[in-house]
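Q: I have a structure here, written as structure tokens, and I will follow up with some questions on it.
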Amino acid sequence: MKITRRTALQGTAGALALGLGGLNFDFTKASAQAPAVKRGGNLNFAISAEAPHYDPHASDTYATLHLAAPFYSTLLRFNLPKFPAVEGDLAQSWTIAPDLMTYTFKLHPNVKFADGSTLTSADVKATYDRLRNPPQGVVSTRKATFADIGSIETPDPLTVVFKMKAVNAAMIEHFASPWNVIYAAKDLAENPASPRTKINGTGPFTFVEHVKGSHIAGKKNENYFKKGFPYLDGFKGIFTLQAAAMLNAVQGGQVLGEFRGISPAERDRLVQTMGDKIRIEESSWTLNLLVCFNVDKKPFDDVRVRKALLMAIDRWGGSVGLSKISTLRSVGGVVRPGSPYATPEAELVKLPGFSKDIKKSREEAKKLLKEAGQENLKLVLWNRNLAMPYTPAGIFLVDQWRQIGVTVEHKQSDTGAYLATMNAGNHDVAIDFSNLFMDDTSLGLSKYLSVTRSPENRSRSKDEVLDKLYDDHMRERDTEKRKALVRAFEKRLFEQAYQQPLLWWHRIVPTHKQLMGWKMSPSHNLGQQLEDVWINA
Amino acid sequence: MLRYTINRVLLMIPTLLGVAVLVFFLLRVVPGDIVEIKLRGDGGSVTQETIDMERKRLGLDRPLLTQFGDWMVGMATLDFGNSMWTERPVVTEISGRLELSLQVAIMATIIAVLLAIPMGTMAALFRDSWIDYTVRLLTIGGLSIPSFWFGMLIMLTLLALFNWLPPITFTPIYVDPIANLTQLIWPALAVGYRYCAVVARMIRSSLLEVMNEDYIRTARAKGVYERLVISRHALRNALLPAITVIGLEFTFLIGGLVVTEQVFNLNGIGQLFVQSVSRNDFTLIQGMVMLIAAFYVLVNLAIDLLYAVFDPRIRYNT
Chain A
17 MKITRRTALQ GTAGALALGL GGLNFDFTKA SAQAPAVKRG GNLNFAISAE APHYDPHASD
77 TYATLHLAAP FYSTLLRFNL PKFPAVEGDL AQSWTIAPDL MTYTFKLHPN VKFADGSTLT
137 SADVKATYDR LRNPPQGVVS TRKATFADIG SIETPDPLTV VFKMKAVNAA MIEHFASPWN
197 VIYAAKDLAE NPASPRTKIN GTGPFTFVEH VKGSHIAGKK NENYFKKGFP YLDGFKGIFT
257 LQAAAMLNAV QGGQVLGEFR GISPAERDRL VQTMGDKIRI EESSWTLNLL VCFNVDKKPF
317 DDVRVRKALL MAIDRWGGSV GLSKISTLRS VGGVVRPGSP YATPEAELVK LPGFSKDIKK
377 SREEAKKLLK EAGQENLKLV LWNRNLAMPY TPAGIFLVDQ WRQIGVTVEH KQSDTGAYLA
437 TMNAGNHDVA IDFSNLFMDD TSLGLSKYLS VTRSPENRSR SKDEVLDKLY DDHMRERDTE
497 KRKALVRAFE KRLFEQAYQQ PLLWWHRIVP THKQLMGWKM SPSHNLGQQL EDVWINA
Chain B
2 MLRYTINRVL LMIPTLLGVA VLVFFLLRVV PGDIVEIKLR GDGGSVTQET IDMERKRLGL
62 DRPLLTQFGD WMVGMATLDF GNSMWTERPV VTEISGRLEL SLQVAIMATI IAVLLAIPMG
122 TMAALFRDSW IDYTVRLLTI GGLSIPSFWF GMLIMLTLLA LFNWLPPITF TPIYVDPIAN
182 LTQLIWPALA VGYRYCAVVA RMIRSSLLEV MNEDYIRTAR AKGVYERLVI SRHALRNALL
242 PAITVIGLEF TFLIGGLVVT EQVFNLNGIG QLFVQSVSRN DFTLIQGMVM LIAAFYVLVN
302 LAIDLLYAVF DPRIRYNT
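Taken in order, these protein sequences are the chains called A and B. Using my numbering, the first residue of the first sequence is number 17, and each one after it goes up by one. Using my numbering, the first residue of the second sequence is number 2, and each one after it goes up by one.
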């Protein structure tokens with residue numbers, strides 16, 4: 017994670033230095049050791065989209081988390097300064113059996129929901145039962161993530177035991193998912209769909225109001241189980257659905273930050289107009305855009321055509337220009353560059369589509385097209401009608417393919433029509449996207465599984481070799497062996513060229529310098545509980 | 002007159018019925034699925050089974066005619082159904098935004114009318130003088146400059162010169178009039194400028210025409226004060242076309258200020274419209290289209306009735 021030279025000294029009050037294995041941490045002591053904080057005040061921040069409901073279990077948009085996360089807790093969460101390490105949230109400590117088949121969590125005592133009821137292990141069990149086996153009428157968008165959980169036991173009110181059906185090497189990270197907020201069992205028993213419209217959590221803030229289209233407000237939870245937190249008296253998340261309005265609000269001081277991310281041009285405007293008053297934090301992002309071929313359609317059922325088109329793309333050169341005008345920046349394989357499982361650059365450049373000798377690469381691409389009888393290939397590139405960064409990505413691809421004699425019609429449409437086209441298999445080639453909250457490959461690689469297993473595989477490919485490599489890596493306990501399986505998966509995927517990351521995104525977050533304690537991470541879905549944020553006014 | 006009014010009100014029913022049929026079936030032709038957008042729009046990985054379950058829960062799996070029938074029956078009882086995106090009643094979604102949009106429209110209309118009438122009148126009376134040229138210059142500016150761009154200019158000027166912006170969240174006028182007016186005066190000005198330009202030019206043109214009429218010459222020949230010639234005879238006739246324009250512009254402001262609302266971050270009907278279209282939220286789109294159609298029809302009726310007030314020659318016979 018890179019902090020620019022314009023970044024001011026960040027307050028790190030309440031730094032939570034927890035590692036794996038579960039430590040019993042005294043939060044009062046932590047706040048006493050951290051730099052002096054100023055308690056009180058209300059934080060206004062911008063939210064660039066409005067979620068349809070309050071239930072993160074049923075959502076995949078960051079808007080739900082930016083709106084709801086301050087009201088809830090999770091069992092574990094990511095330790096942002098040490099990402100991807102995890103730390104306890106509701107879990108005071110935890111143990112993992114050596115065979116990874118049992119996870120035992122000890123909960124903090126005396127945790128209260130907003131309605132005054134006490135959290136017990138039954139609430140955690142009810143929540144995870146809802147996640148893995150949602151009742152009729154309830155959606156759990158990450159249901160498949162919990163398929164390996166065999167049973168959940170609650171031997172006492174403060175202990176939850178997860179027994180696995182099979183080893184899942186990423187399970188501890190999934191327990192730290194920001195989407196797995198804990199609900200009250202009685203609320204779920206009364207109405208399993210109630211979290212959509214009702215907020216009753218154990219988080220640092222309690223719900224005050226939500227004015228549709230305008231803002232959501234919360235106030236300090238006086239019964240929050242982490243003594244000394246939160247620092248703020250309250251917050252207001254203001255919906256600013258257009259970038260111009262958001263930038264004006266940041267510049268005018270009406271909001272102290274926007275926590276998703278802005279473009280380079282927007283960053284430059286804020287820096288130019290606000291000077292030392294603005295802090296800019298930058299990081300690589302757990303998002304990418306993909307080039308995705310419809311393998312059910314000729315000539316994209318021919319691996320030579322697919323490979324040729326991927327080899328024609330100058331990612332290394334293109335990233336320099338695109339990073340100046342868009343949020344696209346990093347060249348990487350199936351895993352976020354710089355993360356623990358990412359392929360080192362020395363190996364990456366040997367894979368199809370990642371050579372730094374673009375001239376040679378394009379000559380080979382032309383040969384492949386000629387072999388396949390597609391010298392004068394014409395194709396339609398489907399893309400989302402979003403300026404950032406889909407439009408520059410589409411224009412970039414049009415230019416790259418033009419250089420090997422391919423004519424491209426670039427079609428951009430609204431999300432609905434775009435998804436409909438791809439789901440119906442009516443696309444030739446599409447720019448697809450991958451939106452992850454963590455680096456672990458259990459999430460990131462699932463997109464490339466056979467279409468019969470992965471609904472988000474828009475290339476419609478079926479590849480048993482890839483499926484087996486994925487399954488093997490999910491069960492592999494040894495980290496180095498797991499990495500080797502990921503390497504093999506990536507190699508196979510790129511050789512078959514069904515789909516391939518174009519570039520990974522770059523996250524730029526602006527905050528006023530008086531805003532302290534907020535922590536940057538590679539995912540805009542993380543760190544939104546705001547318990548250790550304060551205002552240095 | 003009463004019979005005419007009743008006939009016009011009754012005619013509203015087939016008009017709105019036609020709009021309802023059109024909007025319902027045209028929306029179903031547009032590609033895209035709200036369930037897909039909701040569950041997969043941000044990269045979610047849900048099974049087709051889940052998608053189908055959600056579609057069933059929202060009633061999207063039912064035959065089109067059944068959906069249409071249910072909607073029409075609901076409309077008859079002023080129940081426009083629930084938004085497919087938020088699952089809150091359409092009426093609740095719209096009413097929360099209508100207050101703001103209505104207030105901006107009213108404020109813009111007041112600004113426009115208060116400025117346009119004297120400007121247009123002076124320009125006509127002092128034709129080809131510096132007054133006329135100034136007014137024409139200003140009105141050409143109003144017609145040429147998009148109101149959203151003018152709005153952006155206002156915001157950036159406030160920021161650059163005063164380091165200040167209007168409040169970003171809406172406060173009803175009955176709760177805090179100062180905060181309310183501080184927020185809404187700027188979009189009202191941005192929109193009102195163009196509105197004023199249209200009306201002022203209309204008044205200038207029709208006043209110039211009216212001033213050449215025989216009855217004006219007769220009034221002057223009879224020795225009527227010039228002030229009364231203008232106010233009682235000329236302006237009264239010249240305002241008739243302007244009333245039509247004012248009415249149509251007002252109705253447009255209710256749902257048409259999409260970009261201006263975005264510039265000022267206003268939680269209005271225009272923004273709601275765009276969001277619901279991008280999400281394929283059929284029920285909400287249908288509700289808003291019907292609302293705006295009803296507005297247009299009612300405003301047209303009001304204009305026609307107002308004509309009779311201004312022009313006693315007009316009698317509506319059935």
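Glycine is no exception: its CB is placed at the ideal position from the N, C-alpha and C atoms. All figures in this text were calculated on a predicted structure; none of them were measured in a lab.
Would you check if the distance between the CB atom of Met262 (chain A) and the CB atom of Ala62 (chain A) is smaller than 7 Å?
A: Yes, they are a contact pair.
Q: Within the 7 Å Cβ cut-off, does Val445 (chain A) reach chain B?
A: So, not an interface residue.
Q: Please report the residue range of the alpha helix (DSSP H) in which Met262 (chain A) lies.
A: Met262 (chain A) -> alpha helix (DSSP H) spans 259 to 267.
Q: Would you check whether the ligand NAD has a heavy atom nearer than 6 Å to the C-beta of Val102 (chain A)?
A: No copy of the ligand NAD occurs in the structure displayed, which carries no ligand at all.
Q: Quick one, are the C-beta atoms of Thr245 (chain B) and Ile155 (chain B) less than 7 Å apart?
A: No, the Cβ-Cβ distance between Thr245 (chain B) and Ile155 (chain B) is not below 7 Å.
Q: Output, in chain order, the set of chain A residues within a Cβ distance shorter than 7 Å of Ile169 (chain B).
A: Those within 7 Å of Ile169 (chain B) in chain A are Ile254, Ala265, Gln270.
Q: Hey, how far is the Cα of Gln272 (chain B) from the Cα of Gly97 (chain B)?
A: Straight-line Cα distance between these residues: approximately 12 Å.
Q: Per DSSP, which one or two residues make a beta bridge with Asp515 (chain A)?
A: Just to set this straight, residue 515 (chain A) is Gln in the shown sequence, not Asp. DSSP output for Gln515 (chain A) lists A:Cys308 as bridge partner(s).
Q: Looking only at its own chain, which residues have a Cβ that is under 6 Å from the Cβ of Val211 (chain B), when we skip the five neighbours before and after it?
A: If we look at Val211 (chain B) and ignore the five residues flanking it on each side, its Cβ neighbours are Ala235, Asn238, Ala239.
Q: In whole angstroms, what separates the C-alpha of Ala189 (chain B) from that of Arg137 (chain B)?
A: Each residue's Cα considered, the two are about 21 Å apart.
Q: Between His231 (chain A) and chain C, is there a C-beta pair that is closer than 7 Å?
A: No chain C appears in this structure, whose protein chains are A and B.
Q: Indicate whether at least one CB of chain B lies closer than 7 Å to the CB of Gly38 (chain A).
A: The pLDDT assigned to Gly38 (chain A) is 36, lower than 50, so where the model puts this residue is not dependable, and the model offers no usable value.
Q: Curious, which full-length beta strand (DSSP E) runs of at least 3 residues does the segment 114 to 181 of chain A contain?
A: If we require 3 residues or more, the beta strand (DSSP E) runs fully inside the segment 114 to 181 of chain A come out as 118 to 123, 165 to 172, 175 to 180.
Q: For Val102 (chain A), does the three-state DSSP call read helix, strand or coil?
A: Strand.
Q: Per DSSP, Trp110 (chain A) is paired with what?
A: Paired residues: A:Phe121.
Q: Please state whether DSSP places Pro538 (chain A) in a helix, a strand or coil.
A: DSSP places Pro538 (chain A) in coil when its eight states are reduced to three.
Q: Suppose you measure from the CA of Thr77 (chain A) to the CA of Val20 (chain B); what does that come to, to the nearest Å?
A: Thr77 (chain A) and Val20 (chain B): Cα-Cα distance of roughly 34 Å.
Q: What would DSSP say about Trp195 (chain A), mapped onto helix, strand or coil?
A: Three-state DSSP puts Trp195 (chain A) in coil, outside helix and strand.
Q: In its own chain, which residues sit with a C-beta less than 7 Å from the C-beta of Met438 (chain A), not counting the 5 before and 5 after it?
A: Contacts found: Trp398, Ala446, Arg474.
Q: Just checking, does the segment 75 to 85 of chain B make contact with the segment 280 to 287 of chain B on the three C-beta pairs under 8 Å criterion?
A: The answer is yes - the segment 280 to 287 of chain B touches the segment 75 to 85 of chain B, with three or more Cβ pairs under 8 Å.
Q: Taking 7 Å as the threshold (beta carbon to beta carbon), is Gln26 (chain A) in contact with chain B?
A: Because Gln26 (chain A) carries a pLDDT of 40, less than 50, the predicted location of this residue cannot be relied on, and the following value inherits that uncertainty. It does not; no Cβ of chain B falls within 7 Å.
Q: Give the interface partners of Ser470 (chain A) over in chain B, defined as CB-CB distance under 9 Å, in chain order.
A: Near Ser470 (chain A) (Cβ distances below 9 Å), the residues of chain B are Ser46.
Q: Going by the CB atoms, is the gap between Ser148 (chain B) and Ala191 (chain B) shorter than 7 Å?
A: Contact: yes.
Q: Taking just the CA atoms, how far does Trp187 (chain B) sit from Phe171 (chain B)?
A: Cα-Cα distance, rounded: 13 Å.
Q: Determine whether the beta carbon atoms of Pro412 (chain A) and Gly334 (chain A) lie at a separation below 7 Å.
A: The question names Pro, but residue 412 (chain A) in the sequence shown is Phe. Against a cut-off of 7 Å, the Cβ pair of Gly334 (chain A) and Phe412 (chain A) comes out as a contact.
Q: Between which two residues does the beta strand (DSSP E) containing Ser102 (chain B) stretch?
A: Per DSSP, Ser102 (chain B) belongs to no beta strand (DSSP E); it is in the alpha helix (DSSP H), 91 to 126.
Q: Contact check, Ile14 (chain B) vs Glu37 (chain B) under 8 Å by CB: the rounded distance?
A: The Cβ separation is near 36 Å, so there is no contact.
Q: Rounded C-beta distance between Thr90 (chain A) and Asn196 (chain A)? I'm assuming under 8 Å.
A: The Cβ separation is near 5 Å, so the contact holds.
Q: How should Lys252 (chain A) be labelled, buried or exposed, when 16 other C-beta atoms within 10 angstroms of its C-beta is the threshold for buried?
A: Buried, by the Cβ-count rule.
Q: Between the segment 322 to 351 of chain A and chain B, which residues of the former have a C-beta closer than 9 Å to a C-beta of the latter?
A: Taking 9 Å as the Cβ-Cβ cut-off against chain B, none of the residues of the segment 322 to 351 of chain A qualify.
Q: If contact means a Cβ-Cβ distance below 8 Å, which residues of the segment 12 to 43 of chain B contact chain A?
A: Going along the segment 12 to 43 of chain B in chain order, one finds Val31, Pro32, Gly33, Asp34, Ile35, Glu37, Ile38, Lys39, Leu40, Arg41, Gly42, Asp43 with a Cβ nearer than 8 Å to chain A.
Q: Return yes when the Cβ of Val347 (chain A) is within less than 7 Å of the Cβ of Arg331 (chain A), no when it is not.
A: Contact flag set, yes.
Q: Could you check if Ala48 (chain A) is buried or exposed, using at least 16 other CB atoms within 10 Å of its CB as the buried criterion?
A: The predicted position of Ala48 (chain A) is uncertain, since its pLDDT is 46 and thus under 50; a value taken from the coordinates is nonetheless stated next. So Ala48 (chain A) ends up on the exposed side.
Q: Assign Asn266 (chain B) to one of two classes, buried (16 or more other C-beta atoms within 10 Å of its C-beta) or exposed (fewer than that).
A: With 16 or more other Cβ atoms within 10 Å, it is buried.
Q: Along chain A, in chain order, which residues have C-beta atoms closer than 8 Å to that of Met153 (chain B)?
A: Within chain A, the residues near Met153 (chain B) are Ala260.
Q: Can you give me the Cβ contacts of Ala186 (chain A) inside the same chain, cut-off strictly under 6 Å, excluding the 5 residues immediately before and after it?
A: For Ala186 (chain A), where only same-chain residues beyond five positions count, the Cβ hits under 6 Å are Asp456, Ser458.
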